[in-house]
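Chains as they are written, first to last, in the numbering used here: chain A, 9 to 349; chain B, 9 to 349. C-beta atoms are modelled at their ideal positions from N, C-alpha and C, and glycine is treated no differently.
2 protein chains.
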Amino acid sequence: MPENIPLPRRPRGNTLCFSRPVPIAGFAAVGGKREMRGPFADAFIATSSDDFFGEESWEKAEMRMQDLAASAALGRAQVPRAAVDFILAGDLLNQCIASAFAARSHTAPFLGLYGACSTMAESLILSACLLDGGFGQRTLCVTSSHFCAAERQYRFPLEYGSVRPPSAQWTVTASGAAVLETGRSGPGIVEANVGVVQDFNVSDINNMGAAMAPAACETLLSFFRDTSTRPEDFDAIFTGDLGRLGRDLLAELLLREGYPAGDRLCDCGTLIFSAEDRDVCMGGSGCGCGAAVLCTHILPEMCAGRLQNVLFVATGALMSPTSSFQGESIPSVAHLVHIVA
Amino acid sequence: MPENIPLPRRPRGNTLCFSRPVPIAGFAAVGGKREMRGPFADAFIATSSDDFFGEESWEKAEMRMQDLAASAALGRAQVPRAAVDFILAGDLLNQCIASAFAARSHTAPFLGLYGACSTMAESLILSACLLDGGFGQRTLCVTSSHFCAAERQYRFPLEYGSVRPPSAQWTVTASGAAVLETGRSGPGIVEANVGVVQDFNVSDINNMGAAMAPAACETLLSFFRDTSTRPEDFDAIFTGDLGRLGRDLLAELLLREGYPAGDRLCDCGTLIFSAEDRDVCMGGSGCGCGAAVLCTHILPEMCAGRLQNVLFVATGALMSPTSSFQGESIPSVAHLVHIVA
Chain A
9 MPENIPLPRR PRGNTLCFSR PVPIAGFAAV GGKREMRGPF ADAFIATSSD
59 DFFGEESWEK AEMRMQDLAA SAALGRAQVP RAAVDFILAG DLLNQCIASA
109 FAARSHTAPF LGLYGACSTM AESLILSACL LDGGFGQRTL CVTSSHFCAA
159 ERQYRFPLEY GSVRPPSAQW TVTASGAAVL ETGRSGPGIV EANVGVVQDF
209 NVSDINNMGA AMAPAACETL LSFFRDTSTR PEDFDAIFTG DLGRLGRDLL
259 AELLLREGYP AGDRLCDCGT LIFSAEDRDV CMGGSGCGCG AAVLCTHILP
309 EMCAGRLQNV LFVATGALMS PTSSFQGESI PSVAHLVHIV A
Chain B
9 MPENIPLPRR PRGNTLCFSR PVPIAGFAAV GGKREMRGPF ADAFIATSSD
59 DFFGEESWEK AEMRMQDLAA SAALGRAQVP RAAVDFILAG DLLNQCIASA
109 FAARSHTAPF LGLYGACSTM AESLILSACL LDGGFGQRTL CVTSSHFCAA
159 ERQYRFPLEY GSVRPPSAQW TVTASGAAVL ETGRSGPGIV EANVGVVQDF
209 NVSDINNMGA AMAPAACETL LSFFRDTSTR PEDFDAIFTG DLGRLGRDLL
259 AELLLREGYP AGDRLCDCGT LIFSAEDRDV CMGGSGCGCG AAVLCTHILP
309 EMCAGRLQNV LFVATGALMS PTSSFQGESI PSVAHLVHIV A
């Protein structure tokens, strides 16, 4: 470690400690029509009545969503595009095309990420490292997912009308963007924990919550041990996106390890849709789910003073249709971001 | 920028300057049978006579290549797996499964990257930022590609025996791994330049060199201007992977801008295969190409004292088959790493 950095930035285990809070200066999310029937409808800055967002394909719609979310987040942060030092973005589409194509409208250096549904946390963590390390002053973090694009890529063409088992989740049509800038006010990232890839031999692609819950548990335990904290030290712990089943599994796993989390354990996948919306089975999933809940609920609540001290733990299932066809299990990962108001 | 970091880490433009060289303590590459007929055959640490590497699918072979390369690089660096602070990895397979599945054998935090063929440079740059920023002491950078897995994913099943136009490139079957550790000897990363996504409206997926050459040119010009250097200040400039056509285009573009590079401009795609190997058309491509040439040629030459001062500029074409089917052009990006012996 360079001797001119007095603070140890990784004092214990895998937990990173920033030398000062890295401020989230602006944020925004765009959502599809189903998301607009959910509880955070008023907080989305744009939507589309047909989920096409004026484009001619779902993939282009997803690129457009990223662009809309990024523009709004930059506007709210009052950061011009030309002042951004890095874009860190990723999505679920093969070769992350939504992110790469959306990045064409920017002039900032681009770092493409792939962490499945954990990508928003990965983006925030790497951004915080770059800013706290002095490699820039402003980053733009963007992720997205689109139900229709994801269905045909991962499962079946929508036209098949295939029925899904009750343990399945519903890919969220949304994009969330956050602008981090040093020296600003706003909720700040103070710590982070990059997850280790876990594989608990779950291979049911209609039960991702079960595959990802142990990864969320491992990352939370690593963080609690490194920082000598417990769930009750935080106002809320938002995982994304385990769904109802995965959330309950995680609660059980944490309880067994002596870290009961109770009602402060929430999951972005269980929050984003209306409770009356039965089609979504266990809840939402996708890169856009955690990002959208972060930008329409968690950060607004922090700015309003109703949440002070939050853990955002985004989980990713790192399989592909090819790996599943080849009989592989589902590796998963969870990245944790500690945000204070 | 935190005031306790005296050195500006981004003094001009997009170029990052590390406070001291970030050492590459160990490196290794694994190659397929065609790569073993090329000029760097002796420098690969393992190969497979059928490109399956003892596995039952090409995708699993690619995971196995990553594991072999990572193990060898860690062994050469004398860094135990448990001491690695971050793995930064990516590949060309949908959802980057080679990297995620290979990461299961490690206990380090995992950061998944997607930059197409630029991924090795992206991994080295983010690693150097994390280490120079004090967020860890050791990182493992790994990328890979596999001709057979890439062909069926991006183009046609091999069984079709489809003919390719002369401007096409051949995906390299290889994996390269590098271990970075603070305080070590060895070639060191001193500067870097993260590329901006460029789109010059090239849409011919059989001519990626033309799509990527302007991105390499932009990144090189950005770096030369930021650092007040010129091509002749470096022993060699290795792009990866433009192929012969793309390399010539880049030479022409640099010449027009007043930065003639001459013979010091080499391309990993033109180096990795035997000159007699006509099947490969314009040369190699794929995440594994640049990584393999880095680990079997560039870094060994630096360790042997035959190269002192090198630019490694990895380029990525950020399209997907879906974006191409939808008539989109090919966005591209190039990331630059400045390495000194």
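A distance below 6 Å between beta-carbons, with the five flanking residues on each side excluded, links SER332/B to the following residues of its chain, in chain order: ILE213.
Between SER230/A and ASN209/A, the gap from beta carbon to beta carbon reaches 8 Å or more. In the three-state reduction of the DSSP assignment, GLN206/B falls in the strand class, which pools E and B.
In the three-state reduction of the DSSP assignment, PHE231/B falls in the helix class, which pools H, G and I. In this structure, the beta-carbon distance from GLY266/A to MET290/A does not fall below 8 Å. Buried is the label assigned to SER183/A, since at least 16 other Cβ atoms lie within 10 Å of its Cβ.
Between GLN145/B and ASP93/B, the beta carbon gap of about 6 Å places them in contact (Cβ cut-off 8 Å). At a cut-off of 8 Å, the C-beta of ASP59/A has no neighbouring C-beta in chain B. Residue state for ASP249/B is assigned as coil, using DSSP reduced to three classes. Short of 7 Å from the beta carbon of ALA158/A, and not among the five residues preceding or following it, lie these beta carbons of its own chain, in chain order: LEU100, THR179 and GLY294.
Below the 8 Å Cβ cutoff, chain A contributes PHE94, PRO117, PHE118 and LEU119 as neighbours of VAL202/B, in chain order.
Scanning the region 46 to 93 of chain A for uninterrupted alpha helix (DSSP H) segments of 4 residues or longer gives 66 to 85, listed from N- to C-terminal end. Segment contact: the region 21 to 36 of chain B against the region 190 to 205 of chain B, three or more CB-CB distances shorter than 8 Å; contact assigned.
Inter-residue distance for GLN316/A and ALA300/A is about 19 Å (C-alpha atoms, whole angstroms). For ASN22/B, the C-beta contacts it makes with chain A under 7 Å involve PRO117, in order along the chain. For the region 192 to 219 of chain B, residues whose beta-carbon sits nearer than 7 Å to a beta-carbon of chain A comprise VAL202, GLY203, VAL204, VAL205 and ASP207.
Judged by their CB atoms, ALA110/A and ALA85/A are not nearer to each other than the 8 Å cut-off. VAL301/A: not part of any beta strand (DSSP E); member of the alpha helix (DSSP H) spanning 295 to 301, first to last residue.
Rounded to whole angstroms, the gap between the alpha carbons of ALA106/B and LEU258/A is 27 Å. Within the same chain, Cβ atoms closer than 6 Å to the Cβ of ALA325/A are found at ALA124, MET216, ALA219, MET220, ILE338 and SER340, the five residues on either side in sequence being excluded.
With three or more CB-CB distances shorter than 8 Å, the region 309 to 323 of chain B counts as touching the region 227 to 246 of chain B.
Closer than 8 Å to the CB of TYR122/A there is at least one CB belonging to chain B.
Within the same chain, LEU100, THR179, VAL180, GLY294, CYS295 and GLY296 come within 6 Å of SER153/A by CB-CB distance, once the 5 residues on both sides are set aside. Annotation: the continuous alpha helix (DSSP H) that includes ASP140/B extends over 127 to 140.
The beta-bridge partner set that DSSP reports for ALA186/B consists of PHE35/B and CYS149/B. Among the residues of chain A, those whose CB is under 8 Å from the CB of SER328/B are LEU101, ASN102, GLN103 and ILE105, following chain order. Here PRO174/B is exposed. Its C-beta has fewer than 16 other C-beta atoms within 10 Å. Chain B places no beta carbon closer than 8 Å to that of ARG146/A, leaving this residue out of the contacts. When DSSP states are grouped into helix, strand and coil, PHE155/B belongs to the helix group. At a cut-off of 8 Å between beta carbons, LEU188/B makes no contact with chain A.
Ranked by Cα distance from SER170/B, the first of SER236/B, ASP287/B and ALA186/B is ASP287/B. Interface with chain A (8 Å Cβ-Cβ cutoff): ARG72/B is excluded.
The C-beta of TYR122/A has 16 or more other C-beta atoms within 10 Å across all chains shown, which makes the residue buried. Taking the Cα positions, GLN206/A is about 18 Å away from ARG72/B.
Among the CB atoms of chain B, none fall inside 8 Å of the CB of CYS289/A.
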